[in-house]
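Participant: Starting off with a structure, shown below.
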DNA sequence: AATTAAACGGACCTCGGTCCGGATTCGTAA
DNA sequence: TTACGAATCCGGACCGAGGTCCGTTTAATT
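Residue numbers (the working numbering), protein chains in the order written: chain U, 4 to 231; chain Z, 4 to 231.
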């Protein structure tokens, strides 16, 4: 899974949890998933699979809160240290559980059918992007919340960087005179899992209102009309 | 400090850390600081002061990361349980450290001189609000980051609710046709301490650019012109 | 002085995260 | 094919910090 850099602060424990070693590639705007399992040793790969399976089972049966590092290790018949070596920390494990859907989503953005994928006008793609994100948030809310990194790393996790880059790209076309970097952060914040959870679960805001809010936000930010 | 409800999930440990008992007041849009120390017993009040002083000293001397509950308790010559009874949890303690500046800021919004306080047109107040928040973030960045609540409570902490209410109020005037509730979340997200830290410290974005970004965001959201 | 509600304190628990001695795997060469 | 050495991985003991519990102490009240 690699997630190059997002857990780089945890150097001491182990050499490093699955690192990308490739060329600089500073501009390659990767998906955050390049070279996922570089070349794991047989037992390591086996244990990795076991751990993911065990973690997924725990989530399904007892909720994300039950995903304790020790519990996962035990359920996978593996030592606790192995879990940390493989995934770095709890957040890393949880994010690994989201990798599959993440990859699919990224693929849909990069090469899927319009309006989510390329081919539609930028503003339309932005609208579709937000709606898709909101749908995703509703589905995987629990995991997304549990997998949220600490404040320092929140904005540096590869998946997030990718999404931000995507939004910034669309924004550059849809609102050329804006600071698309900063504005992309703002737009993404509207789709934040924690916020969506707060609004829907705690405030009783219906999903349609959230969707309308997104469409209106996009319209205002791009200074276009809201198709309603 | 009361923070009614934001640490209500921690019921079992102690009766409750300083709760607000007053009337419903659902609509009173409080500042989040009503009735701060209801009527603490003498020893309790003394220990509370000691603890805050000790915590502040630790922050000043060794940074927010050194503010361990045990360390604070020891530095204040108090039992560990006392810290938790008084402040609920670590976040509560850290937020209490920010109370002073928080109150001052709220007062400035409610009754200070324009354009921050009442008297200026809403859009202008919004602009001033963002700039003030950004300044605040730069000053108290470390504490603000450390005091950030977990994802579930992030949007329910009284200070946050107040700020959101304030922005929503201004927004209702400046952009009457928008969903000011949702939009206020978006605007506030731009000023989030973690984001500001990421952009300035990790991305090297200069403060002026952040400020310009805010002014532009306000202009777009309210569909006005950017005064630049 | 007696009573009672509140506060105290520190032992205790859980869980994330670390460390390191020992076991496995894999490439290499006889 | 087997032997062997090095790199990698394993596992669970260990640590620190947040959070809890409950028997004891102390401040307010009458």
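Cβ atoms here follow ideal geometry from the backbone N, Cα and C, with glycine treated the same way.
I'd like to know whether the C-beta atoms of residue 174 of chain Z and residue 191 of chain Z end up nearer to each other than 8 Å.
Facilitator: Using a Cβ distance threshold of 8 Å, residue 174 of chain Z and residue 191 of chain Z do not count as a contacting pair.
Participant: From residue 64 of chain U to residue 55 of chain U, what does the alpha carbon distance come to, in whole angstroms?
Facilitator: 14 Å
Participant: Within its chain, find whatever has a CB closer than 6 Å to the CB of residue 147 of chain U; leave out the 5 residues flanking it on each side and keep chain order.
Facilitator: 196
Participant: Contact criterion: CB-CB distance below 8 Å. Does residue 228 of chain Z meet it with respect to chain U?
Facilitator: Taking Cβ atoms only, chain U never reaches closer than 8 Å to residue 228 of chain Z, which makes this a no.
Participant: Nearest-angstrom Cα distance between residue 218 of chain Z and residue 129 of chain Z?
Facilitator: 9 Å
Participant: Return the chain-ordered list of same chain residues with a C-beta closer than 8 Å to the C-beta of residue 169 of chain Z, the five sequence neighbours on each side being excluded.
Facilitator: 112 and 132
Participant: Should residue 159 of chain U be flagged as near chain Z, meaning a C-beta pair shorter than 8 Å?
Facilitator: yes
Participant: Residues in the region 196-219 of chain Z with C-beta within 8 Å of chain U's C-beta atoms, listed in sequence order?
Facilitator: 196, 197, 198, 200, 201, 202, 205, 208, 212, 213, 215, 216 and 219
Participant: Helix, strand or coil: which one does DSSP assign to residue 121 of chain U?
Facilitator: strand
Participant: Start and end of the alpha helix (DSSP H) containing residue 64 of chain Z?
Facilitator: 45-65
Participant: What's the call for residue 118 of chain Z, buried or exposed, on a 16-neighbour Cβ count within 10 Å?
Facilitator: buried
Participant: Residue 211 of chain Z to residue 224 of chain U, Cα distance in whole Å?
Facilitator: 20 Å
Participant: Does the Cβ of residue 139 of chain U have 16 or more other Cβ atoms within 10 Å, making it buried, or fewer, making it exposed?
Facilitator: buried
Participant: When the Cα of residue 181 of chain Z is compared with those of U:78, U:125, U:229 and U:73, which residue comes out closest?
Facilitator: U:229
Participant: My guess is that residue 89 of chain Z and residue 44 of chain Z are in contact by the Cβ rule of under 8 Å, so how many angstroms apart are they, rounded?
Facilitator: With 8 Å as the limit, residue 89 of chain Z and residue 44 of chain Z do not qualify as a contact, their Cβ atoms being about 12 Å apart.
Participant: Between residue 148 of chain Z and chain U, is there a C-beta pair that is closer than 8 Å?
Facilitator: yes
Participant: Assign residue 67 of chain U to one of two classes, buried (16 or more other C-beta atoms within 10 Å of its C-beta) or exposed (fewer than that).
Facilitator: buried
Participant: If you follow the alpha helix (DSSP H) that residue 216 of chain U is part of, which residue opens it and which one closes it?
Facilitator: 210-225
Participant: Quick check on residue 38 of chain Z - is its C-beta less than 8 Å from some C-beta in chain U?
Facilitator: With a pLDDT of 48 at residue 38 of chain Z, under the threshold of 50, the modelled position of this residue cannot be trusted; read the value that follows with caution. Not an interface residue.
Participant: The alpha helix (DSSP H) with residue 3 of chain U in it runs from where to where?
Facilitator: What the structure shows of chain U is the stretch from 4 to 231, and residue 3 of chain U is not part of that stretch, so it cannot be assessed.
Participant: Taking C-alpha atoms, which residue in Z:193, Z:49, Z:99 and Z:136 lies nearest to residue 152 of chain Z?
Facilitator: Z:99
Participant: Do residue 134 of chain U and residue 214 of chain U have their CB atoms nearer than 8 Å?
Facilitator: yes
Participant: At a CB-CB cut-off below 8 Å, which residues of chain Z make contact with residue 232 of chain U?
Facilitator: Here chain U has residues from 4 to 231 only, and residue 232 of chain U is not among them.
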